[in-house]
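Colleague: First the structure, which I've put down as structure tokens, then a few questions once you've had a look.
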């Protein structure tokens, strides 16, 4: 099966394409370079061409044509992922959804939208229509698309209240196109959603998304400082357990993270300040202030509705989730990170165990989230990178202590997830992508069902580095 | 200190009053007769007169005048409480707030309202204005006032998501009038709210309420049937732990409650069916159905958006909370109830222990609620009443097993609460009601600070039964 790229490109020439080599290169990449291991392996990856469909009909045409010519298709939103989710490991076509971005319907509690819509634009539309917004978003919401978030994300700002994208009710419906001689149009709800959500576009292309909405408020952004990290973590956890206080974000940044890497915050903190970043609904501010006044160790150093900071630090959510890592990387390119889940009820205890084990080598950044109805932590700690071997060892040591790791130094679904096959996703790929052309190399169980996960998976079809 | 009722009544004659003796009697009562112990003690209680102020100025006038003439004042909403909260134990003036009921301002996430507003009317106003509703309400929301709920209630429909009224953020602000020679107007927020919320009007009169709002949806009412009670309880608990599914109510009714007492439900269930009553947001129905399909024991027998029942059973919330008891009492006047808290994480286990102990003598009715961020149960079991002694014994046996009891066979704040003095409420009563004229007999620590709670408190100032 040899792809005929030229023929596919020719047949699709009436659809908008990017021809500039620099554009093709940039649209073949995401934030994979957060990981030194992925940077070493994926830096050369590049599509043969980039096509920008503007409708479902054009998506179907791209899939049908590429199928006919055996050309791989990797779908892409804004490329804000960190796992190489949208990088075309085998080259071929990158299908960029930026032109396919209409907000179609808004109702109480839900919206119907095309996948290329940027989350910021989606929120602006639902807010203007009826004071609503999406329940959760990545810290990259100002550039990321809703389709990329559903296909490549797992949660984020809002997960402190709503849990993860994979939780029941956090996606209502997905419309999906298969990659066959005659692509089919399918509608998934309920159990079927798990086939294609968080599948990196490996087994179908999402063309319409129905998402639940939450009320949109004029969130008050805050930074609360603590001398003690455990006190800060306990505060954030307890605040999220206050049923009557509406929170959208609760992040904990271990000292000296804020002082070292948060540029416009630096002058307001010391090297020993651990910060908690928060978004609180305005009508919950009285309850919040009462809660905080009960904690003598808590100092509110910034609130967006009343402060004397000479320079606005920008939205607090752009300090949280994966933006924390980005800010640190700008100062120190040797930093990388992990994705840790500290599960209830041992979350606080586990974090302290990890801190005692690694000290400054692994600096704690926690995001409070709900899992199964209980408040716990997602950790995105900053790791001082020395070698791949040490990084792998750090991962293993976390797992040995009882933490769950979603390894961000891997480019496959399984390794970045629970290190096991997702039978539903694999079964649907068999049905929907018989030639295995959708985002190749990202689903290990498709290529090698017996993979043991004892080392990083090396996709055999990977583009070779040009000499 | 002898009250001069006639002088006070004369001085207030320009304010609307009820003169009809039957009206005075009915406005001196609430649902205290749920309890055989309260029925025996309070049935004769009656005000000397009932005044219906329509503004804060008139409230101040009533308080000032009654203060001058040493006349007790008991404030009253719709009289839907069950603890005799609004019953004038020492006679005097009942101040009925029905005319003082304006919705003053509605904003995103909050409303400002006068205390006499019926919750149904308040919800209609906030819904029409901006698709919002109060976070929680009693099952009597169609007749109860918002002021009565704040002063005499503790939670209800909506507590499955928002916890209790006492939790931070569930009341924003209260405006309160003192009973002094010159009544003062005070504004309470934060920690100060605990002085007067759930204080039965014993230490101040609420004249304005600022409450947080939640999004209002066209809730889908449902009944789900189970053969097994423990399975039903587990289902309700697990459903409430689904972070992505928006619930407003989850009640569990042990068999044969639904068959025996739920008139329009009877023909659709058997004597062995345990029912779960639910309110789910329409945009959460897909997630809900997916969740329910995973439980082979769950049968959805009614949903308000699609059913073939010849007669509409009415709102599901009018089967829950204290309405369950009301429905049972209509069939069997020997039934009474308890208020039990089964706390996380032993809630499921404790319920089974109680069931094994009492069998049919104490039939389980559970309401799922959040407490400290965790899902657990409020129990309002139906109790077969035989004697006061046995009822007291049942209460003690619950406490011995580790359940918390809010005793509904008591008319004082302390006995219906945590059986201890609330220092904040007492301190504020000293300040705001120096003559002790506000709702006398309801705060034990005012009358008898050394009370041991070893038997029912007998208010010495109680009106005598007329021969």
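Residue numbers (the UniProt record's numbering), protein chains in the order written: chain A, 1 to 467; chain B, 1 to 467.
Backbone N, C-alpha and C fix where the C-beta goes; we use that ideal spot for every residue, glycine too.
What you are looking at is a predicted structure, and each value in this text was computed from that prediction instead of being measured.
(1) Are there 16 or more other CB atoms within 10 angstroms of the CB of residue 46/B, so buried, or fewer, so exposed?
(2) Between the alpha carbons of residue 237/B and residue 40/B, how many angstroms are there, rounded?
(3) Can you tell me which of the three DSSP states residue 145/B falls into?
(4) In chain order, what residues of the same chain lie with their CB nearer than 8 Å to the CB of residue 244/A, ignoring the 5 residues before and after it?
(5) Short check: CB of residue 300/B to CB of residue 292/B, under 8 Å?
(6) Quick check: residue 282/A and residue 224/A, are their CB atoms within less than 8 Å of each other?
(7) Could you list which residues in chain B have their beta carbon closer than 7 Å to that of residue 283/A, in chain order?
(8) In this structure, does DSSP put residue 60/A in helix, strand or coil?
(9) Which partner residues does residue 365/A have in the DSSP bridge list?
(10) Going by beta-carbon coordinates alone, are residue 99/A and residue 372/B separated by less than 8 Å?
(11) Taking residue 226/A and residue 298/A to be in contact with their CB atoms under 8 Å, please state how far apart those CB atoms are, rounded to whole angstroms.
(12) If you draw a straight line from the alpha carbon of residue 119/B to that of residue 233/B, how long is it in whole angstroms?
(13) Mind reading off the beta-carbon distance from residue 73/A to residue 179/A? Whole number of angstroms is fine, and I expect it under 8 Å.
(14) Give me the DSSP bridge partner(s) of residue 280/B.
(15) Considering residue 440/B, what are the terminal residues of the alpha helix (DSSP H) in which it resides?
(16) Chain B partners of residue 291/A, CB-CB under 7 Å?
(17) Could you tell me which of 399/A, 211/A, 95/A sits nearest to residue 106/A, measuring between CA atoms?
(18) Taking only three categories from DSSP, how would you classify residue 237/B?
(19) Are the region 108 to 119 of chain A and the region 201 to 208 of chain A touching by the rule of at least three beta carbon pairs closer than 8 Å?
(20) DSSP three-state label for residue 541/B, please.
(21) Heavy atom of the ligand ADP less than 7 Å from the Cβ of residue 58/B, yes or no?
(22) For the alpha helix (DSSP H) containing residue 416/B, list its first residue and its last residue.
(23) In the region 116 to 143 of chain B, which residues sit with their C-beta less than 9 Å from some C-beta in chain A, listed in chain order?
(24) With 7 Å as the C-beta to C-beta threshold (strictly closer), list the residues of the region 357 to 373 of chain A near chain B in chain order.
(25) Indicate whether residue 70/A and residue 435/A have their beta-carbon atoms separated by less than 8 Å.
(26) Which ranges does the alpha helix (DSSP H) cover as unbroken runs of at least 4 residues, wholly within the region 12 to 60 of chain A, from first to last along the chain?
(27) Please list the terminal residues of the continuous alpha helix (DSSP H) segment that includes residue 430/B.
(28) Is residue 210/A helix, strand or coil when you go by DSSP?
(29) Using a Cβ-Cβ cut-off of less than 8 Å, give me the residues of the region 186 to 198 of chain B that come near chain A, in sequence order.
(30) DSSP three-state call for residue 174/B: helix, strand or coil?
(31) According to DSSP, is residue 456/B part of a helix, a strand, or is it coil?
(32) For residue 155/B and residue 162/B, I'd like the C-alpha separation in whole angstroms.
(33) Mapping the DSSP letters down to three states, classify residue 274/A as helix, strand or coil.
(34) Just list the residues that DSSP pairs residue 299/A with in beta bridges.
(35) With H, G and I counted as helix, E and B as strand and the rest as coil, what does DSSP make of residue 134/A?
(36) Nearest by alpha-carbon distance to residue 96/B: which of 111/B, 248/B, 109/B, 147/B is it?
Modeller: Inspection of the coordinates gives the following:
(1) Here residue 46/B is taken as the residue at index 46 of the second chain, counted from 1. So residue 46/B counts as buried.
(2) The count along the second chain starts at 1 and reaches residue 237/B at position 237. The count along the second chain starts at 1 and reaches residue 40/B at position 40. When rounded, the distance between both Cα atoms is 37 Å.
(3) The sequence position of residue 145/B within the second chain is 145, counting from 1. Of the three classes helix, strand and coil, the one that applies to residue 145/B here is strand, per DSSP.
(4) In the first chain, counting from the first residue as 1, residue 244/A sits at position 244. Within the same chain, residue 244/A has close Cβ partners 284, 287.
(5) As a first step, residue 300/B is located in the second chain; it is residue number 300 there, counting from the start. As a first step, residue 292/B is located in the second chain; it is residue number 292 there, counting from the start. Contact flag set, yes.
(6) For the purposes of this step, residue 282/A is taken as residue 282 along the first chain, with counting starting at 1. For the purposes of this step, residue 224/A is taken as residue 224 along the first chain, with counting starting at 1. No, Cβ-Cβ distance for residue 282/A and residue 224/A is not below 8 Å.
(7) As a position in the first chain, residue 283/A is number 283, starting the count at 1. Those within 7 Å of residue 283/A in chain B are 109, 110, 172, 212.
(8) By 1-based counting over the first chain, the position of residue 60/A is 60. Three-state DSSP puts residue 60/A in a helix.
(9) In the first chain, the residue the question calls residue 365/A occupies position 365. In DSSP, residue 365/A forms a bridge with 253/A.
(10) For this step, residue 99/A is matched to residue 99 along the first chain. For this step, residue 372/B is matched to residue 372 along the second chain. Cβ distance not < 8 Å, so residue 99/A and residue 372/B don't count as in contact.
(11) In the first chain, counting from the first residue as 1, residue 226/A sits at position 226. In the first chain, counting from the first residue as 1, residue 298/A sits at position 298. Residue 226/A to residue 298/A, Cβ: 6 Å. Contact.
(12) Your numbering for residue 119/B matches position 119 in the second chain. Your numbering for residue 233/B matches position 233 in the second chain. Each residue's Cα considered, the two are about 29 Å apart.
(13) Numbered from 1 along the first chain, position 73 holds the residue referred to as residue 73/A. Numbered from 1 along the first chain, position 179 holds the residue referred to as residue 179/A. The pair is a contact, with the Cβ atoms about 7 Å apart (cut-off 8 Å).
(14) Counting from 1 along the second chain, the entry for residue 280/B is found at position 280. 220/B, 247/B, per the DSSP bridge assignment.
(15) For the purposes of this step, residue 440/B is identified with residue 440 of the second chain, where counting begins at 1. Element bounds for residue 440/B: n/a, residue is neither H nor E.
(16) Position 291 of the first chain, counted from the first residue, corresponds to residue 291/A. Chain B residues near residue 291/A: 168.
(17) As a position in the first chain, residue 106/A is number 106, starting the count at 1. Nearest of 399/A, 211/A, 95/A to residue 106/A, Cα basis: 211/A.
(18) What you label residue 237/B is simply residue 237 of the second chain in a count that begins at 1. If DSSP states are grouped into helix, strand and coil, residue 237/B belongs with the helices.
(19) yes
(20) Since the first residue shown for chain B is 1 and the last is 467, residue 541/B is missing from the structure and cannot be characterised.
(21) Absence of the ligand ADP from the depicted structure is noted, as is the absence of any ligand whatsoever, leaving it without description.
(22) By one-based count along the second chain, residue 416/B stands at place 416. Note, residue 416/B: alpha helix (DSSP H), 413 to 416.
(23) 130, 131, 132, 135
(24) 370, 372, 373
(25) Translated into positions along the first chain, residue 70/A becomes position 70. Translated into positions along the first chain, residue 435/A becomes position 435. Contact flag set, yes.
(26) 21 to 26, 36 to 42
(27) Residue mapping note: residue 430/B aligns to position 430 of the second chain, counting from 1. Counting along the chain, the alpha helix (DSSP H) containing residue 430/B begins and ends at 423 to 432.
(28) The sequence position of residue 210/A within the first chain is 210, counting from 1. Three-state DSSP puts residue 210/A in a strand.
(29) 189, 190, 191
(30) In the second chain, residue 174/B corresponds to position 174, counting from 1. Residue 174/B: strand per DSSP, three-state reduction.
(31) On the second chain, position 456 is the one that residue 456/B refers to. Of the three classes helix, strand and coil, the one that applies to residue 456/B here is coil, per DSSP.
(32) Reading the second chain from its first residue, position 155 is the one you call residue 155/B. Reading the second chain from its first residue, position 162 is the one you call residue 162/B. Each residue's Cα considered, the two are about 9 Å apart.
(33) One-based indexing of the first chain puts residue 274/A at position 274. Residue 274/A falls in the strand class under three-state DSSP.
(34) The sequence position of residue 299/A within the first chain is 299, counting from 1. Its beta-bridge partners are 225/A.
(35) In the first chain, counting from the first residue as 1, residue 134/A sits at position 134. Residue state, collapsed to three classes: strand.
(36) Here residue 96/B corresponds to residue number 96 of the second chain, with the count starting at 1. If we check each option's Cα against that of residue 96/B, 147/B comes out closest.
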